[in-house]
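Position 113 (the sequence shown) corresponds to 113 in the UniProt record's numbering; numbering is contiguous. Each residue gets a CB set at the ideal place from its N, CA and C atoms; glycine is no exception. Structure record follows, encoded as structure tokens.
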Amino acid sequence: MKKLLTLLLVVSFIFTGCASKDANPVDAKTGEETTAKKDVTYVKVSPIIVKDFTQKLSLPGTLEPKETVVITPKINGSVEGIYGDIGSKIKKDTLLCKLSDTEFRLQYENAEISLKKEKLTYESIKRNYDRYKSLFESGALSQADFESSEDQYALGQELLNLAQNNYELAKQNLVYTNIKAPISGVISQKDVAIGENVSPGKMLFTIVNVDEIYVETGISERDIPNIKVGQKVVVKVDSMGEMVLEGQITHIGPVPDQQTKAYPIKVLIKNKDQVLKPGMFATVEILLDVHKEAMAVPKSAILTENDKQFIFIERDGKAYKKLVKTGYKDNDDWEIIEGIEKDAKVIVVGKDKLMDGNPVEIRE
């Protein structure tokens, strides 16, 4: 029995000693634990990031054709042929529509005959005039007869000019029976039918040139000083996904739009494959400024107090509060203009309840 009691006491002593060794020390006055680990905050840190920051202006816009031409007839006539339809790609001077030319061809032929007759008559009158002038100058012809010859000569000139004008008009009208494309492009509208009687002002076709295409947008008065004609820009078309196009500012309006108060601008982009269509929505990105190799921290590191921004850095096991001046930012990081060193360890996790000088321990 005594041996058993002795064994139990030894075991009890061993366990009590082990427990005392692992337990935190206790303050003699308060009875509370006083371990150094009690107030340590575990944090994660990030090194200073060096990167380029760009300041961009994004403007929504709409694609418009570089050229739009409405085709109308120059003369009255009956349509007897149509050679283009909506969506047709055409070259300049392609025949689009043919008007009946029977009447105009007859007018042209008659005008041509009349012109030939008037030329012969004029040549005869001029010969007589030259002869009478010579006789008058030699004193062999009276003043009255010479003046009569002058009148006939002047009338002959007028009749010849009139015949020439009638001929040119008849010739031009005959040409106008063939309605051709004034530019290369695509037919976007068509409103004409075989047998239809048309007259000047009637819209037959609309042709758009989309080999190059405009983005039409607007810019505020505040941003006008940041742009100029000829400036290169980036264009992103909503329906084209991540496609990035290069454009150039070609027009800056001198007065603002009455409704939007924005100054209209045009950006020209190439469209050789004609995948871009008028009416599509796009965004114009204008580069305003670049800060190269700027110091930055993750956005999650930035804290704000009384409209001032600060961060915490870790140094020698403690957290230190640093007021900073920020600059440009992107989706991930924030530029730091001043208030931090390049070799700083910036606290990004565990910072929210820190105070200047708090002990911290870095956890990966």
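- Non-local C-beta neighbours of E118 in its own chain, meaning closer than 6 Å and more than five positions away in sequence, comprise L159, L160 and A163, ordered along the chain.
- The continuous beta strand (DSSP E) containing A282 extends over residues F281 to P298.
- Annotated three-state conformation of I82 is strand, per DSSP.
- Secondary structure note for L169: its alpha helix (DSSP H) is the uninterrupted segment Q143 to Y176.
- Restricting attention to I311, P60, E80 and D211, the CA atom closest to the CA of D101 is found in E80.
- Leaving aside the five residues that flank K321 on each side, the residues in its chain whose CB is nearer than 7 Å to its CB run, in chain order, F310, F312 and D356.
- Counting along the chain, E137 sits inside the alpha helix (DSSP H) bounded by residues T102 to S138.
- Your pair N197 and K98 does not check out as a contact, with CB atoms roughly 14 Å apart and the cut at 8 Å.
- Under the DSSP assignment, T41 falls in the beta strand (DSSP E) whose first and last residues are T41 to P47.
- V297 is positioned such that its CB atom lies no closer than 7 Å to that of K44.
- Secondary structure remark: continuous beta strand (DSSP E) runs of at least 3 residues inside the stretch 166-232, in chain order: 178-180, 185-190 and 205-219.
- Selection Q248, P264, E246 and G247 evaluated against P254 yields P264 as nearest (Cα-Cα).
- Per DSSP, K322 is one residue of the beta strand (DSSP E) stretching across K318 to L323.
- Under the three-state reduction of DSSP, S88 is assigned to coil, being neither helix nor strand.
- Comparing alpha-carbon positions, the option among K133, V360, M295 and I269 lying closest to K342 turns out to be M295.
- In this structure, the CA atom of E150 is about 7 Å from the CA atom of Y129.
- Per the C-alpha coordinates, the member of L115, T206 and Q231 positioned closest to T72 is T206.
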